[in-house]
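Numbered by the numbering used here, the letters in the sequence shown go through residues 1 to 140 in order. Yeah, the Cβ is synthetic: ideal placement off N, Cα and C, and Gly gets one too.
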Amino acid sequence: MRRDVVLSIRGRQTYADQEPEVIELVTEGVMELHDGGWDIRYEESELTGLEGVTTTFRVEPGKVILTRAGKLSSQMVFQEGLSHDSLYQMAFGTLMLTVRAMRVFFDITPDGGTIDLVYEINIENTQAGIIDYHLEIRAK
1 MRRDVVLSIR
11 GRQTYADQEP
21 EVIELVTEGV
31 MELHDGGWDI
41 RYEESELTGL
51 EGVTTTFRVE
61 PGKVILTRAG
71 KLSSQMVFQE
81 GLSHDSLYQM
91 AFGTLMLTVR
101 AMRVFFDITP
111 DGGTIDLVYE
121 INIENTQAGI
131 IDYHLEIRAK
């Protein structure tokens, strides 16, 4: 099953001793039921600084996997209370990321739903901040 959707995305990044940075985006995407989980995919824009990148949220029982492909490549796995390492590959080099999910919540139906992720991120073994994503998915 595949559906065109509208995504409302709110990302809040909090880094040490800095004001939180908030990005809000409304964009079109695709939601697809595949192998017992949901894939929610959209194209990044200039607004997010990731133009030329396709972002996919894979929602499976107990976890969410965030994959980016195109001008950069990464895959982050979110399971509440667990840490996962991944590589963040960009044109000028590769960084080691570690994410520890503090909250992983999703409620997805064929008509849409929500995904909430709150996680700590470490870049090259240095604590970089806390990121909070909220996605609302609506069928078109």
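Rounded straight-line distance, which links the Cα of F105 to that of G49: Numbered from its first residue, the sequence shown carries residue 49 at position 49. Numbered from its first residue, the sequence shown carries residue 105 at position 105. So the two alpha carbons sit approximately 26 Å from each other.
Can you have a look at T109 and say buried or exposed, based on whether 16 or more other CB atoms are within 10 angstroms of its CB? As a working mapping, residue 109 is identified with position 109 in the sequence shown. Exposed, by the Cβ-count rule.
Less than 9 Å between the C-beta atoms of R10 and E24, yes or no? As a working mapping, residue 10 is identified with position 10 in the sequence shown. As a working mapping, residue 24 is identified with position 24 in the sequence shown. The Cβ atoms of R10 and E24 sit closer than 9 Å to each other.
Report the residue ranges of all beta strand (DSSP E) runs contained in full by the segment 22-106; include only those spanning at least 3 residues, in chain order. For the segment 22-106, the full-length beta strand (DSSP E) segments reaching 3 residues or more read 37-43, 53-60, 63-70, 73-78, 83-90 along the chain.
Decide if F92 is buried, meaning its Cβ has at least 16 other Cβ atoms within 10 Å, or exposed. Taking the first residue of the sequence shown as 1, we reach residue 92 at position 92. Exposed, because fewer than 16 other Cβ atoms sit within 10 Å of the Cβ of F92.
Local Cβ density within 10 Å of F76, reported as buried at 16 or more and exposed below that: Against the sequence shown, residue 76 aligns to sequence position 76. Sequence check: residue 76 is Met here, not Phe. Buried, by the Cβ-count rule.
Taking Y119 as part of the beta strand (DSSP E), name the residues at either end of that continuous run. In the sequence shown, the residue the question calls residue 119 occupies position 119. Run containing Y119: 112-123, per the beta strand (DSSP E) assignment.
Endpoints, the beta strand (DSSP E) within which E136 is located: Along the sequence shown, read from residue 1 onward, the residue named residue 136 stands at position 136. Counting along the chain, E136 sits inside the beta strand (DSSP E) bounded by residues 126-139.
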